[in-house]
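What follows is a short report on a single structure.
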DNA sequence: CAGTGGTCTAGACCACTGG
DNA sequence: CAGTGGTCTAGACCACTGC
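Chains as they are written, first to last, in the numbering used here: chain A, 1372 to 1639; chain B, 1372 to 1639.
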C-alpha cells in the first residue's frame, strides 16, 4: 500500500479549466490550495519514513513531475515546510529532512544560554542518566501523552552539567510502545542529543514542542541532584514534544538553574 | 528629501539583460536579490512614518509599478515582512502596518497565560502605574538602550493585575529623547497596551523583543507590591524591545507570579 | 461589480555545490 | 560541467471584501 500514485484526486485540483470549480460550492472547508495538498503529501512521505532525517528528498523538479504540478507550487509547499523546520534547504545541494543530530543545531529545543550569551564558551553538556524505569501512566501523564491511564510509560531522570556544574535536572516520560527497548544503558552509551537517539533508534522525530515555564523551589531530592539548597529558585520548564501530526511523544519536566544561565526567547 | 524616486539604483538590479552582472564580480556582499532591496525600501517607508500603524500600504500592483518590478517580486518582499509581523495581509482588503493596538492581538509580547490556558477566562488586565520618573542611565541601562551613561532616561514602575490579583511587576527604562513628555498621568489615562500608546503618542513602534528569563526571589519592596513573601520564587523576565532597525527603545524587567499563570513558549 | 490579496503556470536565467 | 535551489517575469485566473 501507499506506494504507487502520488496523484491528486482530480476533483480537488483548482486548475484544469472549469470543471474543477465544483469545489467552490462546497460547505465549510472553503478551499484548499494545491500547494497545501502537496504539503500534505510531502508530510505523509516524511511521516511514513520514506525520507529519513538528514537525507535529501527528491529535487523540486522531480517532485513537480511526480505530483504533476509546476515547480513553483512544489516550491511554495517546501517553503512552508522549511519555515516549520521540517525541511532544510541547501542551495546547490538539495532539500533535506530536518534532524536533531546535526553538529550545528544540537539542542534545537534547548533555550538555555550561558550568561555571557556565547554557547561556544562552554563545552558540550555532560549527560548523566540517573535512571530509566518502566511505569504506568497516571492521569496527568496519560493526558499529556494522549494515552489511557495505566498504559505503559518509561520514566527517565537525568542531569545535564556544563563544565561539571549540574545545571539541568530532567524528568522525562515516554510512551511505552514506540520506545520499547529503551534502557538506561542505551541512553548512557549514546553520545549526542537524546532526540537524535530517538530518531535513529526508534524512528521518532520530534518536530514541535510547547513549554510552560514557572519559577519554583526544588524538592529535597531535586536540590540534592542539582547541588543547591531548597531555597534556591529554579526555572520549571514543562515540555510536551510532538512528532509529525501533533502526536505527543514526550512529556518532560526540566529544572533549570538560572544563576549562570538564562532562558532566551525572541518575540516578534 | 526622500520624496521622489523609489527607483532602484540600476547597477544593482539583476534584471535588464547583461550589463547589470557587473554586480557579480564584487567583493564580499555577494549578491542581494531584488526582493530584498524592495523589502528595504518598504522598511524605509515604514520607518519614516510614510505608512502609519494599522493603516493600509499601497496595493501590490501599485508598489510593483512604483518600484518597477513585477508583482511577484513585491509579493515576496511583503511575504517576508509579514512573516516578521511588520505587515499584516488581509485578503480582499489590503496589506496593513502591524500594530499593538488591535483589539485582537493585545499584548503581542506578553507570553503569560492563566493556568487553564484560556486567555478569555480572565478579563483584561488592570494596570496600575506606581511611578514614572526622570533619571539618568547607568552603565547597564545605557548599554541596553544604546545610550551613553548619564543620558536622560524615564523609569516607569507598574503593576498588572488579573481579576484584582497583582501578577506582574514591571520596571521599565525608556530613552529620554523619543519619549519626552511621558508622565505617570498620561500612562494612567491611556486605556490599552503601553506599546499602543507608544505608537500613537510617540511614533515609536516596537517590532521585536528579546527576553532573558530567570527564576529569582523578590526583594522586599517587590514582594510587597506583588503581595507575596520574599520566599516566593517568581519569574524574572528581562526584555529589550527594538524598533525598525533593531534600535533598542525599551529595557523592561518584569517579575511574573507563576502560581496562577505560566509563561508559554512554542519551539519548532 | 471593481479592487485586493492568493494561487498557479511556464519559462528564463542566476548562484551555489560538487565531481 | 550538470544538477540543485533561488530569483524574476508576465499573464491568467480564483477567493474575498465592500460598495
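Idealized CB from N, CA, C, for every residue including glycine. These numbers come from a predicted model, not from an experiment.
Taking DSSP as the reference, what is the three-state secondary structure of residue 1472 of chain A?
-> Residue state, collapsed to three classes: coil.
Kindly indicate which three-state DSSP category residue 1453 of chain B falls into: helix, strand or coil?
-> Secondary structure of residue 1453 of chain B (DSSP, three-state): helix.
If the cut is a Cβ gap below 8 Å, which residues of chain A does residue 1517 of chain B touch?
-> Within chain A, no residue comes near residue 1517 of chain B; the closest Cβ sits about 17 Å away, beyond 8 Å.
Give the DSSP-derived three-state secondary structure of residue 1394 of chain A in the structure shown.
-> Because the pLDDT at residue 1394 of chain A is just 36, under 50, the model does not fix this residue reliably, and the value given afterwards should be weighed accordingly. Reduced to three states, the DSSP call for residue 1394 of chain A is helix.
Which residue from A:1562, A:1602, A:1628, A:1553 puts its Cα closest to that of residue 1505 of chain A?
-> Nearest in C-alpha terms to residue 1505 of chain A, of all of A:1562, A:1602, A:1628, A:1553, is A:1553.
Supposed close pair residue 1410 of chain B, residue 1469 of chain B - CB separation, criterion 8 Å | A Cβ-Cβ separation of about 15 Å leaves residue 1410 of chain B out of contact with residue 1469 of chain B under the 8 Å criterion.
Close beta carbons around residue 1434 of chain A, own chain, < 7 Å, minus the five adjacent residues each side | Excluding residues up to 5 positions away in sequence, 1445 lie with their Cβ nearer than 7 Å to the Cβ of residue 1434 of chain A in the same chain.
Does residue 1588 of chain A have its Cβ less than 8 Å from a Cβ in chain B?
-> Yes, contact with chain B.
Beta bridge counterpart(s) of residue 1580 of chain B as assigned by DSSP | Looking at the DSSP output, residue 1580 of chain B shares a beta bridge with A:1638, B:1612.
Chain B partners of residue 1629 of chain A, CB-CB under 7 Å?
-> The contacting residues are 1585, 1586.
For chain B, find out if any of its Cβ atoms is closer than 8 Å to the Cβ of residue 1639 of chain A; answer yes or no.
-> When Cβ-Cβ separations below 8 Å define contact, residue 1639 of chain A makes contact with chain B.
In chain order, which beta strand (DSSP E) runs of at least 3 residues are fully inside the stretch 1489-1550 of chain B?
-> Fully enclosed beta strand (DSSP E) runs of 3 or longer: 1497-1507, 1523-1533, 1536-1546.
Below-8 Å beta-carbon distance, residue 1604 of chain B vs any chain A residue | Chain A, which has a Cβ nearer than 8 Å to the Cβ of residue 1604 of chain B, makes this yes.
First through last residue of the beta strand (DSSP E) which encompasses residue 1484 of chain B = That run of the beta strand (DSSP E) goes 1483-1485.
From residue 1457 of chain B to residue 1424 of chain B, what distance separates their C-alpha atoms?
-> Each residue's Cα considered, the two are about 9 Å apart.
For residue 1623 of chain B versus residue 1635 of chain B, is the C-beta spacing smaller than 8 Å?
-> Going by C-beta atoms, residue 1623 of chain B is not nearer than 8 Å to residue 1635 of chain B.
Using a Cβ-Cβ distance under 8 Å, would residue 1440 of chain B count as near chain A?
-> Answer no: the Cβ-Cβ gap between residue 1440 of chain B and chain A never drops below 8 Å.
Report the three-state DSSP secondary structure of residue 1629 of chain B (helix, strand or coil).
-> Three-state result, residue 1629 of chain B: coil.
Neighbouring residues, chain B, relative to residue 1635 of chain A (Cβ below 8 Å) | By Cβ distance, chain B contributes 1581, 1582, 1583, 1584.
Should the stretch 1589-1596 of chain B be regarded as contacting the stretch 1596-1616 of chain A, the criterion being three or more beta carbon pairs within less than 8 Å?
-> Short answer: they don't touch.
Counting only beta-carbon atoms, is residue 1428 of chain B nearer than 8 Å to chain A?
-> Judged by the 8 Å Cβ criterion, residue 1428 of chain B is not in contact with chain A.
Simplified DSSP state of residue 1588 of chain B, which is helix, strand or coil | Look at residue 1588 of chain B here: in three-state DSSP terms it is coil, with no helix or strand label.
Taking the continuous beta strand (DSSP E) assigned at residue 1458 of chain A, which residues delimit it?
-> First-last of the beta strand (DSSP E) with residue 1458 of chain A: 1458-1461.
Cα-Cα separation between residue 1488 of chain A and residue 1584 of chain B, rounded to whole angstroms | Roughly 13 Å between the two C-alpha positions.
Rounded straight-line distance, which links the Cα of residue 1533 of chain A to that of residue 1475 of chain A | Using only the alpha carbons, I get a separation of about 18 Å.
Check whether the Cβ of residue 1636 of chain B sits closer than 7 Å to any heavy atom of the ligand GDP, and report yes or no.
-> The model on display carries no ligand, and the ligand GDP is accordingly not part of it.
Comparing alpha-carbon positions, which option in A:1531, A:1564, A:1568, A:1559 lies nearest residue 1549 of chain A?
-> The shortest C-alpha separation from residue 1549 of chain A is found at A:1568.
CB contact check: residue 1533 of chain A to chain B, cutoff 8 Å = Chain B contact via Cβ: absent.
Could you name the residues of the stretch 1473-1498 of chain B whose beta carbon sits closer than 7 Å to any beta carbon of chain A, in the order they occur along the chain?
-> Only 1480 from the stretch 1473-1498 of chain B bring a Cβ to less than 7 Å from some Cβ of chain A.
Can you check whether the CB of residue 1537 of chain B is closer than 8 Å to the CB of residue 1606 of chain B?
-> With a cutoff of 8 Å on beta-carbon distance, residue 1606 of chain B and residue 1537 of chain B are scored as not near each other.
Would DSSP call residue 1438 of chain B helix, strand or coil?
-> When DSSP states are grouped into helix, strand and coil, residue 1438 of chain B belongs to the helix group.
Closer than 8 Å to chain A by CB, residue 1646 of chain B | Since the displayed chain B opens at 1372 and closes at 1639, residue 1646 of chain B lies outside it and no answer follows.
Touching by the beta-carbon criterion (3+ pairs, under 8 Å), the stretch 1562-1581 of chain B and the stretch 1505-1515 of chain B | Inter-segment contact for the stretch 1562-1581 of chain B and the stretch 1505-1515 of chain B is absent: fewer than three beta-carbon pairs are separated by less than 8 Å.
Among all the DSSP beta bridges, which residues are the ones paired with residue 1466 of chain B?
-> The partner list for residue 1466 of chain B (beta bridge, DSSP) reads B:1428, B:1460.
Beta-carbon neighbours of residue 1530 of chain A, restricted to chain B and to distances below 8 Å | None at all; the shortest Cβ gap to chain B is about 18 Å.
Taking residue 1468 of chain B as the query, report the chain A residues whose CB atoms sit under 9 Å from its CB, ordered along the chain.
-> Within chain A, no residue comes near residue 1468 of chain B; the closest Cβ sits about 14 Å away, beyond 9 Å.
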